[in-house]
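Student: First the structure, which I've put down as structure tokens, then a few questions once you've had a look.
If you want it as structure tokens, here you go:
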């Protein structure tokens with residue numbers, strides 16, 4: 706039996722472990738190492754830079770399990786960054802009660818949190834060729850391409866920004 710999709714802020718140790726597991730699954734799905742982003746250090750100090758009040762985490766659940774996640778962190782004064790948007794393949798296509806896909810719900814909800822926290826701009830990076838669906842989602846939300854705000858060793862990295 707399928708249960709409704711819920712989007713929540715992780716509160717318990719189990720919630721945080723579920724987010725970390727989704728982060729790992731996301732990293733493994735990429736086909737390249739996130740060592741250049743100090744990924745293992747990020748996990749060791751979790752939630753670290755994603756902790757309130759400057760950061761945020763969201764967890765999507767469905768059918769009694771973790772279905773997806775997204776994170777937000779401060780980059781600099783007035784600017785935050787969306788990180789680690791990921792939906793497990795088995796849950797892609799599932800909808801929230803208001804009809805949004807899990808990925809869209811996570812992205813829109815983290816944007817709203819960034820706005821509520823007083824950030825003026827939200828940035829992200831994605832891999833243009835490998836993550837076409839994500840790029841399409843971001844563009845549909847009003848994100849525009851910007852010059853690189855950091856150096857990535859991954860070819861085809863696209864840098865995007867949304868004015869909040």
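Numbering (our numbering), first residue to last: 706 to 869.
We put the CB at the ideal spot given by N, CA and C, even for glycine.
1. Are the beta-carbon atoms belonging to residue 710 and residue 765 less than 7 Å from one another?
2. Among 867, 793, 849, 845, which has the Cα closest to the Cα of residue 735?
3. Beta carbon of residue 863, beta carbon of residue 818: below 7 Å?
4. Note the first and the last residue of the continuous alpha helix (DSSP H) segment covering residue 747.
5. Pick helix, strand or coil for residue 814, following the three-state DSSP scheme.
6. Ignore the nearest five residues each way along the sequence and tell me which others in residue 751's own chain have a CB closer than 6 Å to its CB.
7. Which term fits residue 771, buried or exposed, when burial requires 16 or more other beta carbons within 10 angstroms of its beta carbon?
8. In terms of residue numbering, what span does the alpha helix (DSSP H) encompassing residue 724 cover?
9. Please confirm whether residue 797 and residue 728 have their CB atoms less than 7 Å apart.
10. Take residue 719 as the anchor and find which of 769, 867, 861 has the nearest alpha-carbon.
11. Shortest alpha-carbon distance to residue 741 belongs to which of 856, 866, 825?
Tutor: The short version:
1. yes
2. 793
3. no
4. 744-749
5. helix
6. 725
7. buried
8. 718-734
9. no
10. 769
11. 856
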